[in-house]
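Sequences listed follow chains A and B, in order.
Numbering-wise, the working numbering puts 62 at position 59 of the first sequence, and it's gapless, one number per residue.
Numbering-wise, the working numbering puts 173 at position 171 of the second sequence, and it's gapless, one number per residue.
By construction, the Cβ of each residue, glycine as well, lies at the ideal position given by its N, Cα and C atoms.
Because the structure is a prediction, the values reported are computed rather than measured.
Below is one structure, written out as structure tokens; the observations come after it.
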Amino acid sequence: MENMTNDAAYMLRARDIYKSFQDNEVLKGISLDVCRGEVLSIIGPSGSGKSTLLRCLNRLETIDKGSIEVKGEYLVKNGDSGLAEYAPQKKARELLGYMGMVFQQFNLFPHMTVLENLMEAPIQVKGQTREEIQPIAEELLQKVGLYEKRDAYPSRLSGGQQQRVAIARALAMKPDIMLFDEPTSALDPELTVEVLKTMRGLAAERMTMVVVTHEMTFARDVSNHVIFMADGVIVEQGPPAELFGHPQEERTKSFLGNMAK
Amino acid sequence: MDKLTETVLSILAGSKITLEIFILTLAMSLPLGFFVALLRLSGLRPLAILMDVYIWIMRGSPLMLQLLFVYFALPMVGVRFSDIAAALLAFTLNYAAYFAEIFRAGIQSIPRGQYEAAKTLGMTYSQTMRRIILPQMIHRTLPPISNETINLVKDTSLIYILAMNDLLRVARTIVQRDFDMTAFFIAGAFYLVMTAVLTAIFKRMEAHYGKYDE
């Protein structure tokens with residue numbers, strides 16, 4: 004079944020990632036490791052490159068230099084030219100298929116009901132039948148507490164409900180790694196709570212997660228490891244107790260100080 | 003047979019060619035327009051420029067001139083069409099250009115997040131277009147498409163210059179023969195009925211595609 008499990012204690016490894024938009028260097032040599040069942044939070048001021056980093060991990064942005072390994076296999080690595088070269092399309096698709104993503108703006112398909120949103124990719128991409136995927140999709144909706152909304156269109160849902168549907172939609176593809184790009188930044192505080200609860204539930208089930216977030220409480224309570232980024236570099240990282248309890252760098256201290264206000 | 007019945011029947015016969023041009027033009031120009039829009043957005047610069055020039059010529063010169071060109075000028079260089087083929091060619095090329103611009107705007111109005119969501123779910127480009135982008139594009143472009151379609155009904159009357167006996171030409175012949183305006187009123191009624199039917203069809207389609215709001 005999962006023949007990669009032995010050597011793939013690392014679900015995700017990135018080494019020396021560089022990424023520029025025109026002349027603007029956004030990522031300046033980022034490396035990170037994510038183990039199976041681990042929750043990694045990436046925090047930092049806006050413009051620090053944390054969202055770009057996350058988007059590079061699943062190739063929504065392509066990197067210029069560096070390497071990314073998914074479950075022990077290269078998605079991208081430096082070629083002879085010294086520039087990043089991606090795996091052939093078939094392999095890349097396989098590796099990208101291990102990852103699910105949740106966006107700040109939810110990005111649900113507005114012309115499909117909640118249930119159709121969940122069933123679309125399993126049917127189209129994995130070739131599953133409606134009969135196969137519908138019970139799974141309904142179970143996922145139970146899990147995020149939105150079963151009774153299964154026939155509603157996204158426009159009828161609150162932001163928090165939409166984001167929980169988006170999480171369930173990503174989970175319907177049975178990913179091994181979930182990437183969250185500021186999943187609560189577009190939400191009112193009271194709606195944030197329900198989304199974070201869903202994410203805590205996932206973490207409790209040992210889902211491997213990489214979370215770009217402004218929710219310091221979530222980062223502190225739920226993650227195993229926290230990365231603080233600024234200006235395209237990792238300024239400081241460590242277990243949440245250390246990073247939040249005893250930050251070493253001035254930059255980290257002032258950021259956390261501002262966030263606490 | 004009284005004269006009124008005879009007039010109505012003649013105009014009805016004339017409306018056959020009108021409808022034929024209308025339906026065939028629509029059936030060909032909608033897919034062609036969509037294809038042109040895709041090429042226009044393909045990111046292949048030479049193709050995009052070519053499509054821009056095509057759209058510019060078709061939208062920038064009178065449809066009447068385009069009809070005359072296909073019908074009279076092309077045969078001079080040895081390209082000869084039957085009457086109906088010439089009309090269909092000119093109408094299709096012209097309407098495809100308008101539809102292409104409508105589709106282009108429709109496709110570009112879909113937020114990037116929709117493509118990204120589909121991509122992270124593993125969908126291919128063609129799956130994304132077919133299942134995610136197209137249905138939303140149709141929803142958004144139905145009102146302008148409806149407009150152009152109604153224009154097409156009326157534009158079909160231009161084929162009178164190719165000496166084809168369409169609805170309007172038949173009516174005009176009768177008026178000139180009898181010195182009686184009735185045929186014009188009947189012809190007007192025919193156009194109004196056709197556009198009313200179209201309006202009703204598009205209303206239903208908008209309701210169908212608009213069952214979600216955004």
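query = With contact counted as at least three CB pairs below 8 Å, one residue from each stretch, are the stretch 63 to 77 of chain A and the stretch 91 to 103 of chain A in contact?
reply = yes
ask   = Quick one: does Arg18/A have its CB under 8 Å from some CB of chain B?
value = Taking Cβ atoms only, chain B never reaches closer than 8 Å to Arg18/A, which makes this a no.
request  = Give me the Cβ distance between Cys38/A and Tyr13/A, rounded to the nearest whole Å; I'm assuming they're in contact under 8 Å.
outcome  = 6 Å
query = With a CB to CB cut of under 6 Å and the five nearest residues on each side skipped, what residues in its chain are close to Met219/A?
reply = For Met219/A, the CB contacts under 6 Å within the same chain, skipping 5 residues up- and downstream, are Met262 in chain order.
ask   = How would you call Ser51/A, buried or exposed, if buried means at least 16 neighbouring beta carbons within 10 angstroms?
value = buried
inquiry  = DSSP three-state label for Thr8/A, please.
reply    = Per-residue confidence for Thr8/A stands at a pLDDT of 45, beneath the threshold of 50, marking its modelled position as unreliable; no derived number is given.
task = Indicate whether at least one CB of chain A lies closer than 8 Å to the CB of Lys121/B.
result = yes
request  = Output yes if chain B places a C-beta closer than 8 Å to the C-beta of Ser2/A; else output no.
outcome  = Within the shown structure, residues of chain A are numbered from 4 to 264, placing residue 2/A beyond reach of any answer.
Distance between Arg42/B and Arg106/B (C-alpha atoms, nearest Å) = So the alpha carbons of these two residues sit roughly 8 Å apart.
task = Output the distance between the C-alpha atoms of Tyr150/A and Ile109/B, rounded to the nearest integer angstrom.
result = Approximately 32 Å between the Cα atoms of the pair.
query = Using the C-alpha atoms, what's the distance from Gly103/A back to Val147/A?
reply = 16 Å
Cβ pair Ala173/B, Ile13/B closer than 8 Å = With respect to Ile13/B, Ala173/B sits close: the two C-beta atoms are nearer than 8 Å.
inquiry  = I'd like to check one pair, Val229/A with Ile33/A: are the Cβ atoms closer than 8 Å?
reply    = no
8 Å Cβ cutoff, Pro113/A in contact with chain B = yes
message = Assuming contact is defined by CB atoms lying nearer than 8 Å, are Pro192/A and Gln166/A in contact in what I supplied?
response = For Pro192/A and Gln166/A, no; Cβs fall outside 8 Å.
inquiry  = Using 8 Å as the threshold, is the C-beta distance between Val221/A and Leu199/A below it?
reply    = Note that residue 221/A is Phe in the sequence shown, not Val. Taking 8 Å as the Cβ cut-off, Phe221/A and Leu199/A qualify as a contacting pair.
key: Residues that DSSP places opposite Leu43/A in a beta bridge   = Val213/A and His228/A
query = Does Asp215/B have its Cβ less than 8 Å from a Cβ in chain A?
reply = For Asp215/B, the answer is yes, since a Cβ of chain A falls inside 8 Å of its Cβ.
task = Verify whether the separation of the beta carbon atoms of Tyr193/B and Glu150/B is less than 8 Å.
result = Going by C-beta atoms, Tyr193/B is not nearer than 8 Å to Glu150/B.
query = Taking only beta-carbon atoms, is Gly100/A less than 8 Å away from chain B?
reply = yes
inquiry  = For Leu164/B and Arg172/A, what's the separation of their Cα atoms in angstroms?
reply    = 57 Å
inquiry  = Going by the DSSP bridge assignment, what does Cys38/A pair with across the sheet?
reply    = Tyr13/A
ask   = In the DSSP assignment, what are the bridge partners of Leu182/A?
value = Met104/A and Val213/A
ask   = Using the beta-carbon of each residue, which ones in chain A are nearer than 9 Å to Glu208/B?
value = Within 9 Å Cβ-Cβ: nothing; Glu208/B doesn't reach chain A, min ~13 Å.
query = Taking only runs of the alpha helix (DSSP H) that begin and end inside the stretch 118 to 157 of chain A, which ones reach a length of at least 4 residues, in chain order?
reply = Runs of the alpha helix (DSSP H) inside the stretch 118 to 157 of chain A: 133 to 146.
query = Who are the near neighbours of Gln107/A in its chain, counting only those whose CB is closer than 6 Å to its CB and skipping five residues on each side?
reply = Asp184, Glu185, Ser188 and Ala189, listed in sequence order.
query = Cα separation between Val195/B and Asp157/B?
reply = 16 Å
query = For Pro1/A, which residues from the same chain have a beta carbon less than 7 Å from its beta carbon, with the 5 sequence-adjacent residues on both sides left out?
reply = Nothing about residue 1/A can be reported from this structure: the residues present for chain A run from 4 to 264 only.
request  = Would you kindly work out how many angstroms separate the C-alpha atoms of Leu118/A and His217/A, rounded to a whole number?
outcome  = 30 Å
Under 9 Å by beta carbon: chain B residues contacting Gly103/A = Thr122 and Leu123
Leu160/B versus Arg47/B - alpha carbon distance = 35 Å
task = State the CB to CB distance for the pair Asp27/B and Thr184/B, rounded to an integer number of angstroms; the pair is presumed to be in contact (CB under 8 Å).
result = Looking at the sequence itself, residue 27/B is Thr, so the reference to Asp does not match. Not confirmed; about 29 Å, so no contact.
message = Is the beta carbon of Glu118/B closer than 8 Å to that of Leu63/A?
response = yes
message = Quick check: the Cα distance between Asp67/A and Lys80/A, rounded to an integer number of angstroms?
response = Rounded to the nearest whole angstrom, the C-alpha separation of Asp67/A and Lys80/A is 10 Å.
inquiry  = Please report the straight-line C-alpha distance between Ala140/A and Ile126/A, rounded to a whole angstrom.
reply    = 11 Å
query = At a Cβ threshold of 8 Å, is Arg174/B touching chain A?
reply = no
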